[in-house]
Amino acid sequence: MQLSPRYIVLVCVFLLSSCLLAAGNVAGKCAQSSSQPSVPAQLAIEAYEREDFGQSVKYFNEAVSQSPDSLILQLHLANAQAHWFMHDPHDPEARTRIDAAETTLKDILRKSPESRLALWDLAAIYAMDGRAQDSQKTLAILLHNDPNDSDALTASGTIAAMQIHFDIQAEKRKRNIRLENAARIGDEGIRESLRSEFEPQIQTAVHLLNRAIQNNTQSSQPLVMLNLLYRMEAELAKTDQDSQALLHKADALVDQVMAMNQQQEQHRTTAQKKLSPLEAPPPLPGPPPPPPPPPKPPGS
Numbered sequence: 002m003q004l005s006p007r008y009i010v011l012v013c014v015f016l017l018s019s020c021l022l023a024a025g026n027v028a029g030k031c032a033q034s035s036s037q038p039s040v041p042a043q044l045a046i047e048a049y050e051r052e053d054f055g056q057s058v059k060y061f062n063e064a065v066s067q068s069p070d071s072l073i074l075q076l077h078l079a080n081a082q083a084h085w086f087m088h089d090p091h092d093p094e095a096r097t098r099i100d101a102a103e104t105t106l107k108d109i110l111r112k113s114p115e116s117r118l119a120l121w122d123l124a125a126i127y128a129m130d131g132r133a134q135d136s137q138k139t140l141a142i143l144l145h146n147d148p149n150d151s152d153a154l155t156a157s158g159t160i161a162a163m164q165i166h167f168d169i170q171a172e173k174r175k176r177n178i179r180l181e182n183a184a185r186i187g188d189e190g191i192r193e194s195l196r197s198e199f200e201p202q203i204q205t206a207v208h209l210l211n212r213a214i215q216n217n218t219q220s221s222q223p224l225v226m227l228n229l230l231y232r233m234e235a236e237l238a239k240t241d242q243d244s245q246a247l248l249h250k251a252d253a254l255v256d257q258v259m260a261m262n263q264q265q266e267q268h269r270t271t272a273q274k275k276l277s278p279l280e281a282p283p284p285l286p287g288p289p290p291p292p293p294p295p296p297k298p299p300g301s
C-alpha cells in the first residue's frame, strides 16, 4: 500500500497529542505524605530535567528507599527508568532499564490496582518493547475501569491498526504483491482471502477509534489512524467504486486533521509545567505513528 504524501505530512504533525492532553487527569489518587521533597527527590528531578536519566533513576531509588509508601515517587522512578530506556534503546543495558520500569509499575499496581497512570505507563512501555498483546491487555483494564477513556481507546485502536498494517504488508510480501501499488489489490483471489482475514480486525479498530472520537473531539490521533485503516480497507474493497469511496473518505480526514492541527497550533502555549516530586509525573508517550511508505521504484 502506498500512503499519499498528504498522509505522511499528517502523521508528522501528530505526535500523540491525545495522550499528552491527558496529563492533567491520569495522575490517579496518589498523595505524598510530606509537603517538602527530600533531597534525593529534588536531585532526581534536577537530573531528569537535564536529561541525565541514569542519575535521575539513582536519586529516585534513594528517595523511594526513604519513603517506600510514596506512590508518587515510585511513579517518578518508573518514568525515569522508561526515559532512560527511550534515551538510548540500543544501549546494551537498555533491556535492564525497561525491565526495571515494568517491575516498578507492577509494584505500584500491587498496592494501587486502579492507578490510571501506572496502568497507562505499563501499557506504554509494553508498546515501546514491541509487546502489542501485553499492551492491549493492560489497556483493556483501563477500559474496564472507564469504558469512555478516550486516550486508552485511541491507544488500543492505534496498536490494533498498526498490527493490521504490519500483518497485511507481511502477507503481501509472501504473495509477491508490489508494496508500492496503491488502492485495490488486483488479484481477486488474494484480495478476497485478505479481506476475509483482515476486514473484521479493521472494523474492530475502526470501532475503537470512533469511540475515542466520541469522547474527545479535540484529538486528531484517532482520525490519523482511521485514515490509515480506510486506506488498508480500500486495498481489499470488493469493487473499484468501493475502493475509491474509501480513499475519498480517508482524504477528507486528512483535510479535517490538518485544520484541527492548525487551529491547535494557534492556541498552543509554550510554557511547560515544571516537574515536582510532590506531584505525579506526566504520562509516557503512547504508541508511535505509522511508518513511512516504502520508496517508489526508480522511474515511477
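Each number in our numbering corresponds to the 1-based position in the sequence shown with 1 added.
Every residue gets a Cβ at the ideal spot worked out from N, C-alpha and C, and that includes glycine.
Cβ neighbour criterion (16 or more within 10 Å) applied to residue i
i	result
Glu236	buried
Glu50	exposed
His145	exposed
Gln222	buried
Pro296	The pLDDT assigned to Pro296 is 45, lower than 50, so where the model puts this residue is not dependable; a value taken from the coordinates is nonetheless given after this. Pro296 comes out exposed.
Lys30	Residue confidence is low: Lys30 scores 41 on pLDDT, short of 50, so the model does not pin down where it sits. Its coordinate-derived value is still stated next. It counts as exposed.
Asp152	buried
Phe61	buried
Gln75	buried
Arg174	exposed
Pro282	buried
Phe199	buried
Arg176	exposed
Val65	buried
Pro278	buried
Pro38	buried
Pro41	buried
Ser197	exposed
Asn80	buried
Thr97	exposed
Pro117	Looking at the sequence provided, one finds Arg at residue 117 rather than Pro. Under this definition Arg117 is a buried residue.
Ala119	buried
Asn149	exposed
His166	buried
Ala45	buried
Ala28	Any reading at Ala28 must be qualified, since the residue scores a pLDDT of 42, below 50, and its modelled position is unreliable; the value itself is stated next. By the neighbour-count rule (16 or more Cβ atoms within 10 Å), Ala28 is buried.
Ala253	exposed
Closest by C-alpha distance to residue i, when choosing among the options
i	options	result
Phe54	Ser39, Ile73, Ala95	Ala95
Gly287	Ile126, Ala251, Met259, Lys274	Ile126
Pro284	Val58, Gln215, His91, Trp121	Trp121
Ser194	Met129, Ile169, Arg179, Thr205	Ile169
Met163	Pro148, Arg232, Ala102	Arg232
Met261	Leu227, Gln219, Ala64	Gln219
Lys112	Ala124, Pro69, Asn149, Gln56	Pro69
Glu52	Gln82, Val65, Glu63	Gln82
Leu247	Ile203, Ala48, Asp108, Ile73	Ile203
Arg192	Asp241, Thr97, Leu227	Asp241
Leu72	Ile109, Val225, Ala124	Ile109
Leu227	Gln264, Ala206, Gln245, Ser244	Ala206
Val255	Ser244, Leu230, Asp243	Leu230
Glu280	Asp92, Lys59, Arg179, Leu78	Leu78
Pro90	Val225, Ser136, Gly131	Gly131
Minimum Cβ-Cβ distance from residue i to chain C less than 8 Å
i	result
Leu227	The structure shown contains no chain C; it is built from a single protein chain.
beta-carbon residue i near the ligand HEM non-hydrogen atom, thresh 7 Å
i	result
Thr97	Absent from the structure shown: the ligand HEM. Ligands present: none.
query: Between the segment 198–215 and the segment 159–170, are three or more C-beta pairs nearer than 8 Å?
result: The segment 198–215, when compared against the segment 159–170, does touch it at the 8 Å Cβ threshold.
query: With contact counted as at least three CB pairs below 8 Å, one residue from each stretch, are the segment 234–248 and the segment 183–192 in contact?
result: Contact between the segment 234–248 and the segment 183–192 is present, because at least three Cβ pairs lie under 8 Å.
- prompt: Can we say the segment 98–106 touches the segment 78–88, given the rule of at least three CB pairs closer than 8 Å?
  reply: Counting Cβ pairs under 8 Å, three or more are found: they touch.
field: Minimum length 3: unbroken beta strand (DSSP E) runs contained in the segment 211–296
entry: As far as the segment 211–296 is concerned, it has no whole beta strand (DSSP E) run of at least 3 residues.
query: Fully enclosed by the segment 36–71, which alpha helix (DSSP H) runs are 4 residues long or longer?
result: Here the runs fully enclosed are 40–50, 54–67.
- request: For the segment 130–215, list the alpha helix (DSSP H) runs that are entirely contained and at least 4 residues long, ordered along the chain.
  value: Entirely contained in the segment 130–215, the alpha helix (DSSP H) runs reaching 4 residues are, in chain order, 133–146, 151–175.
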